[in-house]
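Each residue of the sequence shown is one higher than the one before, counting from 2 in the working numbering.
Everything below concerns the one structure shown next.
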Amino acid sequence: MYYFVNASNNLAEEKKKEISDILLEISDSSMDHLKNNMESTEALDPVISKVQAFVTANGDVMSGRLKDRIFRFMNDLHESLENLHAINIHRTPISLKAYCLLFIYIFPLIYAPTIIHDMGANNPIYVTYFVVILTEFILISLYNIQDQLEYPFDDYGLDDIKLDSFKMDR
2 MYYFVNASNN LAEEKKKEIS DILLEISDSS MDHLKNNMES TEALDPVISK
52 VQAFVTANGD VMSGRLKDRI FRFMNDLHES LENLHAINIH RTPISLKAYC
102 LLFIYIFPLI YAPTIIHDMG ANNPIYVTYF VVILTEFILI SLYNIQDQLE
152 YPFDDYGLDD IKLDSFKMDR
């Protein structure tokens, strides 16, 4: 949309600068929204509405084709932002996460006596502790990986999506 507006011969340079600033604000606001894991899009809506206000205020100097393209791109932008917002807020159900944590904490109490029984009381105790601690370490690591994968936009971890590379003014 930036290039379509800036290619228009009917718009004055200050109007091109105004819409460019609005588009940059939309880019920055949407990236901040994703990074901060906000539950609501209320902060984004007024920023996105500025495009409609701009088109309405400057519709007399814009061609119908340009207005149609802008509205089509804004429709695509709304759909994309809604999809990203849905990905960002829908997490693993809290009951499932609580069950996982409960299991991680209770597991050594159940698992250690089973290991002692299966290996026999004659074996050194450090072998039993090693097996239980190793298993607990694996469970905690898997839980932490799940937790990190739930927040792909927060820039915490090596596997996160680098939002700064998608900004307009990168």
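Here a beta-carbon is modelled for each residue, glycine too, at the ideal position from N, C-alpha and C.
- Tell me whether A58 sits in a helix, a strand or coil according to DSSP, three-state version. helix
- Residue span of the alpha helix (DSSP H) that contains P153, given as start and end: Looking at the DSSP string, P153 is not in any alpha helix (DSSP H), and its letter there is neither H nor E.
- Message: Short of 7 Å in beta carbon distance, which residues of its chain neighbour R92, apart from the five on each side in sequence? Order them along the chain.
- Response: E151
- Among the residues of its own chain, which have a CB less than 6 Å from the CB of R70, if the five just before and after it don't count? F5
- Item | Host alpha helix (DSSP H) of K17 (start-end) | E14 to K36
- Report all residues from its chain with a CB closer than 7 Å to the CB of V62; omit the five preceding and five following residues, and keep chain order. N11 and L12
- Item | DSSP three-state assignment for G158, whether helix, strand or coil | G158 falls in the coil class under three-state DSSP.
- Query: Out of K18, I88, V56 and T129, which has the shortest C-alpha to C-alpha gap to F74?
  - Reply: V56
- Query: Taking S9 as the reference, which of A44, A113 and G60 has the closest Cα?
  - Reply: G60
- Query: Should D129 be labelled buried (16 or more other beta-carbon atoms within 10 Å of its own) or exposed?
  - Reply: Note that residue 129 corresponds to Thr in the displayed sequence, not to Asp. The Cβ neighbour count for T129, taken over all protein chains shown within 10 Å, is at least 16; the residue is labelled buried.
- Starting from L78, follow the alpha helix (DSSP H) in both directions and report where the run begins and ends. G65 to I90
- Buried or exposed: where does M120 fall if 16 or more other Cβ atoms within 10 Å of its Cβ makes it buried? Under this definition M120 is an exposed residue.
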